[in-house]
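Right, one structure below, let's go through it.
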Amino acid sequence: MDLEKAILIGLDKPSDKNFQESMLELSNLALVCDVEVLHIITQKRNKPTANFYVGEGKVQEIKEAVDIFDADLIIFNDELSPSHIKNLEKALDIKVIDRTVLILDIFAKRAKTKEAMLQVELAQAKYYLPRIVGMYKHLSKQKSGTGSKGPGEQQLELDRRLLRNKITHLKKELNQIVKTRRIQREKRKKNDVFTVALTGYTNSGKSTLMNAIITTASNHNDYYAFNKNMLFATLETKTKKIHLDNNHDFLLTDTVGFIDRLPHHLIEAFKSTLEEILEASIILHVIDVSNKNYENQILIVEQVLESIGVKNIPIIYVYNKVDLLKEIPLSTKDNSVFISAKDDYHINQLLEMIDYELYKTINNVKMLIPFTDTNVYSDLKNNANILSTEYLNNGIYIEVEINKKYLNKYIEYVEIIKEK
Ligand SMILES: Nc1nc2c(ncn2[C@@H]2O[C@H](COP(=O)(O)OP(=O)(O)OP(=O)(O)O)[C@@H](O)[C@H]2O)c(=O)[nH]1
Ligand SMILES: [Mg+2]
């Protein structure tokens, strides 16, 4: 197959602490999209310019490089505005795209379920709507050679309208799926099952860990999905029930991975998938500790979690791939564990931490249980630590140490809660 040939452009802003790594990552993203990287041009600047994103001198340098390397396209490391694309394409007379296009393309390639496909299509449509002018220039060029005029304004307006209709239609279809998913989640909540969500940078080993936990916790090999050494292998949410030896259980959910400069249209489109994280009792933040940029990846994941509204959910930091390290580093995070999902190293330790976090006795509660509900009393006798019992006229009044699960289950009987 003929690879498209590209020149990468990056703006090295002082605020950007991991600029080199992000350019490397851009090369990787390009490769996944079957694009060969011929050359990289960077510019140190405080902020983008209004016209061309980079300075005018740089545009000249890029133009020369395009000729020298005979490139097919230019890829910017940041998301470009419609006017940047328009100006750059005019000045350079070559296709100009950005990191977002690459990520969207990869997501489109990987999407398997209907929901994921609709989500990616929606993100793409929203990204392309304001940029349709630039796009048309290439399309018409491909057909009839350099310099040919794009379609008239009328045609453009028509196509914009089509794209807008498509967005409305996609949103409707997605809403339907989201509703079903919400109902499923509500059901789960009613059954008061805990969920534990796997999150982390793409390729950090979330799906591999999911498999390791499934095989460690169950006696049979209930293998779940593929995991591959590729970016965004998982785009859909998968949930499995994990049953521990002590009869405790929880639902484990694998989700889409994050990346630096994750396009906001994608985050928006994947909201329903990401909502699974918001509902979790615990988040496992999986980190590829063998990646030399892992500390920055932690920050990026934390930013995305914050942007989707994660608050007050306990996080366990799971430093994965320690088999690739000579020495295990010291964690600066409190709730952390070093594992190798590939070699099943410390998976049991992680399970113990999850178990502890989920089932620890955290509340000292006073409850009044009406005599009609004495089954509640026997349930608590078996599953919580009853400190005192008093028989009153209107029911049994108890003081009990209780974990989150039983607190939620019997919240209607609670009179006083004292957090430990
Ligand atoms: N050496 C080593 N490799 C691992 C380990 N865990 C995962 N990998 C490899 O890392 C790559 C990515 O693993 P995945 O489990 O697909 O990662 P992911 O986080 O699910 O990735 P996305 O779904 O793309 O976000 C695969 O090639 C795995 O075999 C580990 O503990 N050690
Ligand atoms: Mg995965």
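Residue numbers (this note's numbering): 1358 to 1777.
Note that CB positions come from ideal geometry on N, CA and C, so glycine has one too.
How many whole angstroms separate the CB atoms of residue i and residue j, which I take to be in contact at a CB cut-off of 8 Å?
i, j, result
"Gln1417", "Asp1369", "At roughly 18 Å, the Cβ-Cβ gap does not stay under 8 Å, so Gln1417 and Asp1369 are not in contact."
"Glu1778", "Leu1360", "With the chain covering 1358 to 1777 only, the question about residue 1778 has no answer from this structure."
"Glu1670", "Ile1640", "Reading the sequence as shown, one finds Ile at residue 1670 and not Glu. Confirmed, Cβ separation roughly 5 Å."
"Lys1690", "Tyr1674", "4 Å"
"Ile1364", "Phe1426", "6 Å"
"Leu1682", "Ser1647", "6 Å"
"Ile1657", "Tyr1558", "7 Å"
"Ile1672", "Asn1653", "Between Asn1653 and Ile1672 the Cβ distance is about 17 Å, and since that is not below 8 Å, they are no contact."
"Ile1726", "Thr1573", "Between Thr1573 and Ile1726 the Cβ distance is about 38 Å, and since that is not below 8 Å, they are no contact."
"Ile1570", "Leu1708", "7 Å"
"Leu1609", "Met1567", "6 Å"
"Asn1444", "Ser1561", "38 Å between Cβ atoms; not a contact."
"Lys1362", "Leu1395", "5 Å"
"Ser1629", "Arg1538", "6 Å"
Tell me which same chain residues have a C-beta within less than 8 Å of the C-beta of residue i, skipping the five on either side of it?
i, result
"Val1661", "Phe1615, Leu1619, Ile1624"
"Lys1469", "Leu1592, Glu1593"
"Val1771", "Val1722, Lys1723, Met1724, Leu1764"
"Asn1720", "Glu1758, Ile1759, Asn1760, Lys1761, Leu1764, Ile1774, Lys1775, Glu1776, Lys1777"
"Met1710", "Ile1673, Asn1692, Val1694"
"Thr1503", "Low confidence applies to Thr1503: its pLDDT is 33, below 50, so where it sits in the model is not reliable, and the reading given next is rough at best. Asp1450."
"Val1550", "Lys1598, Asp1606, Phe1607, Leu1608"
"Glu1436", "Asp1455, Arg1456, Thr1457, Arg1618, Pro1620"
"Lys1374", "Asn1653"
Got a sec? Which residues, its chain only, sit under 6 Å from residue i by beta carbon, not counting five neighbours each side?
i, result
"Val1411", "Gln1400"
"Phe1376", "Asp1369"
"Lys1523", "Ala1482"
"Glu1769", "none"
"Leu1527", "Leu1475, Glu1478, Leu1479"
"Asp1391", "Leu1360"
"His1441", "Tyr1410"
"Ile1310", "Any property of residue 1310 remains undetermined from this structure, which presents the chain solely from 1358 to 1777."
"Ile1665", "Leu1631"
"Gln1512", "none"
"Arg1467", "Phe1589, Leu1592"
"Ala1626", "Gln1476, Leu1479, Ala1480"
"Phe1728", "Gly1752"
"Lys1415", "Gln1400"
Is it the case that the Cβ atoms of residue i and residue j are separated by a distance below 9 Å?
i, j, result
"Thr1552", "Ser1638", "yes"
"Val1722", "Lys1775", "yes"
"Ile1431", "Leu1459", "no"
"Leu1479", "Leu1520", "no"
"Asp1429", "Ile1463", "no"
"Glu1633", "Ala1554", "yes"
"Pro1371", "Asn1403", "yes"
"His1622", "Thr1457", "yes"
"Ser1379", "Asp1617", "yes"
"Glu1659", "His1642", "yes"
"Val1667", "Leu1715", "no"
"Tyr1767", "Leu1737", "yes"
"Ile1454", "Ala1422", "no"
"Leu1588", "Leu1461", "no"
Please report whether the beta-carbon of residue i lies at a distance below 9 Å from any beta-carbon of chain C.
i, result
"Lys1683", "Considering every chain present, this structure includes no chain C. It has just one protein chain."
Short of 7 Å in beta carbon distance, which residues of its chain neighbour residue i, apart from the five on each side in sequence? Order them along the chain.
i, result
"Glu1530", "Leu1475"
"Tyr1651", "Ile1644, Asp1645"
"Ser1501", "Reliability of the predicted coordinates at Ser1501 is poor, the pLDDT of 39 falling under 50, and the value obtained from them is presented with this limitation in mind. Excluding sequence neighbours, Ser1501 sits near nothing in its chain."
"Val1679", "Val1646, Ile1685, Phe1695, Ile1696, Ser1697, Tyr1702"
"Asp1516", "Ile1489"
"Thr1406", "Gly1412"
Exercise for the section: Kindly provide the ranges of any alpha helix (DSSP H) runs that are 4 or more residues long and lie completely inside the segment 1637-1687, ordered along the chain. Expected result: 1651-1664
Handout entry: Stretch-stretch touch, CB-based, cutoff 8 Å, three pairs: the segment 1740-1749 with the segment 1698-1710
Key = no
Handout entry: Every unbroken alpha helix (DSSP H) inside the segment 1405-1447 [4 residues or more]
Key = 1413-1426
Exercise for the section: Please list the segments of the alpha helix (DSSP H) lying wholly inside the segment 1596-1632, counting only runs of 4 or more residues, in order along the chain. Expected result: 1621-1626
Problem - Ordered list of beta strand (DSSP E) runs contained in the segment 1719-1777, each at least 3 residues - result: 1742-1749, 1752-1760, 1771-1776
Practice task
Tell me the start and end of each unbroken beta strand (DSSP E) in the segment 1517-1559 that is at least 3 residues and wholly inside, in chain order.
Solution key: 1552-1557
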